[in-house]
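A short write-up of the structure that comes next.
Chains as they are written, first to last, in our numbering: chain C, 1 to 265; chain X, 1001 to 1448.
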């Protein structure tokens, strides 16, 4: 009886924690040609409401960043003179909304007068989300609800792969470093898988060719040539353009070098 | 109690505390920039240097060999040999143990070092290929030969390094046979000439008394077949380059032309024309048996075997216009493969077997192009006023052909030169020859 209930308990725990990973399908993204890498990264990294809590916490820790993040209220103030005069009742509504959010004038004055340390006190985490995405007032409210991130959601966020822009930046960096040996036969299996161990700054600690046995097989000289070219590319590119956060997520990385597309022309 | 402990242990091992799936990133594109390579001068001791200088009339044979390699790599378009003035390490020390930081500082990804010695009237050349980024040796070989062969040593080193870095065989230790031309167009003196693929060591094989055309190398040895005139009739000849002995191939009642060897070098395939009709024939060089391959009232010519000898490509006007066809080597299953606009001729099967090179005439312009063996994927590599007769390098990467141009701005005068172009279509280069030149044919690797 105890054994049975023990195993049942175990199964429930495993299912709760592990199955969401299993059910999660890998994102099948078409290969992208990135030209303006930095812009793409910035766009994708614009925080959205559900992630606001994380960002807010980060901001809290960094005093200097706080100063720059305080800037948006000034812009809100600028909007005031540009605003088209509305009927009285509508204006009142807006005022009410603004009071709910923050009073831009009040903030502005405080920013001018107080020290950076004091600025920290006027920071309202709940309103940051609204400032990030001003187009939707409701998001600030949604954000409050979303503050309660469940454990399973949190894990999903942690184990998911690189974001589109992160992956794109890394790919583009390696594209530039990888000189493809043009003499390789394009009708052969030309996939070289290399596992990397990375430092937080993106420099490579260790490389491991996963199909190492093919390197010295007779008749597989082209594989050795390809693998060496891939290793050269990694050496040439390091430190790799990895995300600034989430080191645990990408400290082990696998790069799959596939030359077929290029060689087939 | 024990059971409790076991249960806790099982739970501890089975439940993943916080696992991260390994992130995989697919790298499907790279760059096609030439690989930066540093070719250090080959070091030599004072005694060897003095003796070799006296013997070869060259100041520093080690430096000259490195220049041969450098030139080969630059011409290939796949490598970017770095300027020797930027090298920080001396050749002799670099050959013992390169300071990889110094070489990586000048952006070299590969490094060639070497040493030349002269002992017992032999030239000994050793070289090492280094991976600068991985800081390791990739290859080390030594060659011994007679001193006058120093250029060939440079070509052989080039081939070895090329193969190690690109994955395909090189094409530097090869020769090119061509028709050397001199004089005005109406009174052209044409001689058979042979040279190294980089344009050095030119030798003339015929005197220029008779017109010579379309020389072709035997892929397995130093025999050449070509077209010349015998009793005022064009005939296919065989010439042994080493002995200088030549002979007429077969005793045909009409004219024979457009000869080419089979891949094993044991047969010659050619066109035989009589009474206005031209068909393709083969002749076995051992027993001299002649076999008719095509039998059609149209003009079938320019035959070329596939590298496995199972198929033949040729051009024919059986459809009304000159087009490219393929068939089995016994003449069965004839199939047209060119369907683009214009006329197609001189098809040549790539030594790799995957492509057929051709000359195309369309709207008054000549193109050198390639297509797959089923006729798909046609790519025109170069366009000009008049150019034809492509011939493959032994690794199937580069084509050599000849181009006629006007020599002055008024569009008068006339010049024929050899040109090479690689499969990318970007690396087009003039091949230097002593005289005007046409009808080039590339030999197989000499050091095979």
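Ideal Cβ placement from N, Cα and C applies to all residues, glycine included.
For this session: Pull up the DSSP beta-bridge partners for residue 1026(X), would you.
Result: 256(C)
Exercise. Excluding the five sequence neighbours on either side, which residues of its own chain have a C-beta within less than 7 Å of the C-beta of residue 1377(X), listed in chain order?
Worked result: Cβ within range, chain order: 1371.
Exercise. Is residue 1077(X) buried or exposed, if buried means 16 or more other CB atoms sit within 10 Å of its CB?
Worked result: buried
Exercise. Is the Cβ of residue 1023(X) closer than 8 Å to any Cβ of chain C?
Worked result: yes
Problem set entry | Cutoff 8 Å: residue 1174(X) Cβ touching any chain C Cβ | no
Exercise. What do you get for residue 999(X), buried or exposed, if any count of 16 or more other CB atoms within 10 angstroms of its CB means buried?
Worked result: Given a span of 1001 to 1448 for chain X in the structure shown, any question on residue 999(X) remains unanswerable.
Exercise. At what residue ranges does the stretch 1278–1341 of chain X contain a whole run of the alpha helix (DSSP H), taking only runs of 4 or more?
Worked result: none
Problem set entry | Beta carbon proximity, residue 215(C) to chain X, threshold 8 Å | no
Exercise. What residues in the stretch 236–252 of chain C have a beta carbon less than 8 Å from any beta carbon of chain X?
Worked result: 236, 248, 249, 250 and 252
Exercise. When DSSP builds the beta bridges, which residues end up paired with residue 1079(X)?
Worked result: 1035(X)
For this session: For residue 258(C), collect the residues of the same chain with a Cβ closer than 6 Å to its Cβ; drop the 5 residues on either side in sequence, then sort them by chain order.
Result: For residue 258(C), where only same-chain residues beyond five positions count, the Cβ hits under 6 Å are 191.
Exercise. Within 8 Å (strictly less), CB to CB, does residue 149(C) reach chain X?
Worked result: Annotation note: pLDDT 42 at residue 149(C) (below 50); position unreliable, no value reported.
Problem set entry | Cut-off 7 Å between Cβ atoms - residues of its own chain near residue 1039(X), not counting five sequence neighbours on either side | 1066, 1069, 1070, 1081 and 1112
Exercise. Taking DSSP as the reference, what is the three-state secondary structure of residue 1187(X)?
Worked result: Residue 1187(X) sits in a helix when the DSSP states are folded into three classes.
Exercise. Do we get a CB-CB distance below 8 Å when we pair residue 199(C) with the residues of chain B?
Worked result: Going by chain labels, chain B is absent from the structure shown, which instead holds the protein chains C and X.
For this session: Counting only runs of 3+ residues fully inside the stretch 1133–1180 of chain X, write out the beta strand (DSSP E) ranges in chain order.
Result: 1136–1145
Problem set entry | Proximity test, Cβ basis, 8 Å: residue 1188(X) and chain C | For residue 1188(X), the answer is no, since every Cβ of chain C falls outside 8 Å of its Cβ.
Exercise. Would residue 225(C) count as contacting chain X if we go by Cβ distances under 8 Å?
Worked result: Chain X contact via Cβ: present.
For this session: Look up residue 221(C) in the DSSP assignment and say whether it is helix, strand or coil.
Result: helix
For this session: Would you mind reading off the limits of the alpha helix (DSSP H) that contains residue 174(C)?
Result: 164–177
Exercise. Sorted by chain position, which residues of the same chain lie with C-beta nearer than 7 Å to residue 1160(X)'s C-beta, five sequence neighbours on each side aside?
Worked result: Around residue 1160(X): 1139 and 1141.
Exercise. In chain order, what residues of the same chain have a beta carbon less than 6 Å from the beta carbon of residue 1247(X), not counting five sequence neighbours either side?
Worked result: 1238
Exercise. Is there at least one Cβ from chain X nearer than 8 Å to residue 12(C)'s Cβ?
Worked result: no
Exercise. Within 8 Å (strictly less), CB to CB, does residue 1108(X) reach chain C?
Worked result: no
Exercise. Shortest alpha-carbon distance to residue 1366(X) belongs to which of 1379(X), 1387(X) and 1349(X)?
Worked result: From the listed residues 1379(X), 1387(X) and 1349(X), the smallest Cα separation to residue 1366(X) is found for 1387(X).
For this session: Grab me the residues of residue 1503(X)'s own chain with a C-beta within less than 7 Å of its C-beta, minus the 5 sequence neighbours each way, in chain order.
Result: With chain X represented from 1001 up to 1448, any question about residue 1503(X) goes unanswered, as that position is not in the structure.
Exercise. Whole-angstrom Cβ separation of residue 170(C) and residue 240(C), contact assumed at under 8 Å?
Worked result: 6 Å
Problem set entry | Counterpart residues of residue 1247(X) in DSSP-defined beta bridges | 1238(X)
For this session: List the residues of chain X whose Cβ lies closer than 9 Å to the Cβ of residue 209(C), in chain order.
Result: Per Cβ cutoff of 9 Å: no residues; residue 209(C) is ~12 Å from chain X at best.
Exercise. Between residue 256(C) and residue 1027(X), what straight-line distance do the alpha-carbon atoms span, to the nearest angstrom?
Worked result: 6 Å
Exercise. Is residue 1218(X) buried or exposed, if buried means 16 or more other CB atoms sit within 10 Å of its CB?
Worked result: buried
Exercise. Taking the DSSP output, what are the residues bridged to residue 1216(X)?
Worked result: Under the DSSP definition of a beta bridge, residue 1216(X) partners with 1225(X).
For this session: Within its chain, find whatever has a CB closer than 6 Å to the CB of residue 1326(X); leave out the 5 residues flanking it on each side and keep chain order.
Result: 1311, 1313, 1335 and 1337
Exercise. Where in the stretch 1044–1105 of chain X do unbroken runs of the beta strand (DSSP E), each at least 3 residues long, occur, reported from the N-terminal end onward?
Worked result: 1079–1081
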